[in-house]
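Below: the structure, in structure tokens.
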Amino acid sequence: MHLPDSNDVNVEIAPAAESALGGEPSLRHLLRSPAHGGLGSAHGKAILMGEHSVVYGAPAIALPLVDLQTTASVREADHGSISSDLYTGPLEGAPARLQPVITALRATVDRVGLSFDSFEIVISSTIPLERGLGSSAAVAAAMVRAVSNAAGVALSPEETFELVQVAEHVAHGTSSGLDAHAVRSLSPLRFQAGIPTPVRVGAPMAFVIADSGTSGSTSAAVGGVRMLRKTRPALVEGIIESLAGLAESAIAALGAGDANALGATMLSGHEHLARLGVSAPALDALVAAAADGGAYGAKLTGSGLGGCVLALVDPDQADAVSDAMMAAGAAQTLRTTLPGGQKETA
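Mapping the sequence shown onto UniProt numbering, position 76 (from 1) lands on 76, and the numbers just tick up by one.
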């Protein structure tokens, strides 16, 4: 454990929570005191490059979606309860989909020695569920921070990661750890062999995210690539090698602030993922629509077979790209901007 510094404090409270508190330091302190409970937050993430190839040792790049936030609050109560978009009611009656966050709650309570017997939990989130944008990891990270703040204990980054991973294993069976790192990082991360490394961004990058309206299937997509690798090993190995090279090209483009180069890399990445069989007609249509609407580039993000498409845009073209993707069948579009020149921090 370590004493919190100013960077820890800034990432513990979501922007929405700061606004609600009016920036009043005394109120922020109350939300961190054991007598009044605790507040925590985390953000979404998107895979820029490296889906599937990361399984075979290639690097992946994850982007922080700081405009998509999850906030969790925990306070002592006479009876355990939870309020969220998925379920509101007694804690013991929570559905299976909320078990990961309850696991995070209990594991963190044990770790920090919080003395509450019963909890009132409130979760709010702007991260779409089951779309490959890190929703489950963000909720778990927000819960870990809320409980540790309620106890007045500053967990180390390693301890926080470990507790989020406990929840992620419940949610997904096994977890690489990429999401658990990415939803807590303010900079993009290069992730390889379980090790995250911050990536520099030379200039702001604006993105439009299109929700296809259907959830992806990680198990089906990963299983499909595995089967293709057995039947056509040379093809898959070649694609993995190409995706690894594209990941490094994307890192270079991010560092240089070169949107044109990054967009071209994204389009190439999508083509390779389609050759692996993890795209879908709806995703291909959204990528094409983004390009027609003026995007620098676009690709599926996440496991594929559904989920979302990530498009890199000029801010002045964001409306046109969003409209084009909606016309091509997107259920909704979201926007986020990756700041440029920020301090590298994981």
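Where is the CB? At the ideal position from N, CA and C, for every residue including glycine.
Just to confirm, is the Cβ distance from Val164 to Ala146 under 7 Å? Residue 164 sits at position 164 when you count from the first residue of the sequence shown. Residue 146 sits at position 146 when you count from the first residue of the sequence shown. No.
Classify Gly113 as buried or exposed, calling it buried when 16 or more other Cβ atoms lie within 10 Å of its own Cβ. Translated into positions along the sequence shown, residue 113 becomes position 113. Counting Cβ neighbours within 10 Å, Gly113 comes out exposed, since fewer than 16 surround it.
Within the stretch 108 to 193, note down every full alpha helix (DSSP H) run reaching 4 residues or more, in order along the chain. Runs of the alpha helix (DSSP H) inside the stretch 108 to 193: 135 to 151, 157 to 172, 178 to 182.
Taking the Cβ atom as the reference point for each residue, do Ile47 and Gly304 lie within a distance shorter than 7 Å? The residue labelled residue 47 in the question sits at position 47 within the sequence shown. The residue labelled residue 304 in the question sits at position 304 within the sequence shown. Cβ atoms of Ile47 and Gly304: not closer than 7 Å.
With distances taken between CB atoms, is the gap from residue 353 to Val287 smaller than 7 Å? With the chain running from 1 to 346 in the structure shown, residue 353 is simply not present.
Along the alpha helix (DSSP H) that carries Leu290, what are the first and last residues, could you check? Here residue 290 corresponds to residue number 290 of the sequence shown, with the count starting at 1. First, the residue type needs correcting, since residue 290 is Ala and not Leu in the sequence shown. DSSP places Ala290 inside the alpha helix (DSSP H), whose first and last residues are 281 to 292.
Span of the beta strand (DSSP E), counted from its first residue to its last, around Gly89: Counted from its first residue, the sequence shown places residue 89 at position 89. Residues 88 to 90.
When you compare only the Cα positions, how much space is there between Ala291 and Asp179? For the purposes of this step, residue 291 is taken as residue 291 along the sequence shown, with counting starting at 1. For the purposes of this step, residue 179 is taken as residue 179 along the sequence shown, with counting starting at 1. Their Cα atoms are separated by approximately 28 Å.
Assuming Gly38 is part of the beta strand (DSSP E), what are its boundary residues? The residue you call residue 38 lines up with position 38 of the sequence shown. Where Gly38 is concerned, the enclosing beta strand (DSSP E) stretches over 38 to 49.
Where does Arg75 fall in DSSP's three states? Stepping through the sequence shown from its first residue, residue 75 is reached at position 75. When DSSP states are grouped into helix, strand and coil, Arg75 belongs to the strand group.
Looking at the structure shown, is Val54 part of a helix, part of a strand, or coil, going by DSSP? Looking up residue 54 in the sequence shown gives position 54. Val54: helix per DSSP, three-state reduction.
Would you please state the rounded distance, in angstroms, between the beta carbons of Met148 and Thr108? I believe it to be under 8 Å. By 1-based counting over the sequence shown, the position of residue 148 is 148. By 1-based counting over the sequence shown, the position of residue 108 is 108. Before going on, a small fix: residue 148 reads as Ser here, not Met. Between Thr108 and Ser148 the Cβ distance is about 6 Å, and since that is below 8 Å, they are a contact.
Buried or exposed (CB count within 10 angstroms, at least 16 for buried), Pro188: Indexing the sequence shown from 1 puts residue 188 at position 188. Its Cβ being crowded by 16 or more others within 10 Å, Pro188 is buried.
Whole angstroms is fine: what's the gap from Ala252's alpha carbon to Gly297's? Along the sequence shown, read from residue 1 onward, the residue named residue 252 stands at position 252. Along the sequence shown, read from residue 1 onward, the residue named residue 297 stands at position 297. Cα-Cα distance, rounded: 16 Å.
What's the gap between the Cα of Ser33 and the Cα of Ala150? Within the sequence shown, residue 33 is the residue found at index 33, counting from 1. Within the sequence shown, residue 150 is the residue found at index 150, counting from 1. Residue placement at Ser33 is flagged as unreliable, the pLDDT there being 43, under the threshold of 50; the coordinate-derived value follows with that caveat. Within the model, the alpha-carbon separation for Ser33 versus Ala150 is close to 6 Å.
Every unbroken beta strand (DSSP E) inside the stretch 221 to 304 [3 residues or more]: Here the runs fully enclosed are 297 to 301.
Can you give me the start and stop residues for the alpha helix (DSSP H) that Val321 sits inside? Within the sequence shown, numbered from 1, the residue matching residue 321 stands at position 321. Counted as a single uninterrupted DSSP element, the alpha helix (DSSP H) harbouring Val321 occupies residues 318 to 327.
So the candidates are Glu168, Gly152, Val139; which of them puts its Cα closest to the Cα of Leu68? Taking the sequence shown and counting its residues from 1, the one referred to as residue 68 is at position 68. Looking from the CA of Leu68, the closest CA among Glu168, Gly152, Val139 belongs to Val139.
Since Met143 and Val101 are thought to touch, with beta carbons under 8 Å apart, how far apart are those beta carbons, to the nearest angstrom? One-based indexing of the sequence shown puts residue 143 at position 143. One-based indexing of the sequence shown puts residue 101 at position 101. With a contact defined as Cβ atoms closer than 8 Å, Met143 and Val101 qualify at about 5 Å.
Val101 in three-state terms, based on DSSP: One-based indexing of the sequence shown puts residue 101 at position 101. Shown here, Val101 sits in a helix according to DSSP, grouped into three states.
Whole-angstrom C-beta distance between Ile239 and His270, which should lie under 8 Å: Taking the first residue of the sequence shown as 1, we reach residue 270 at position 270. Taking the first residue of the sequence shown as 1, we reach residue 239 at position 239. Distance from His270 to Ile239 at the Cβ level is roughly 12 Å; contact not present, criterion being Cβ atoms closer than 8 Å.
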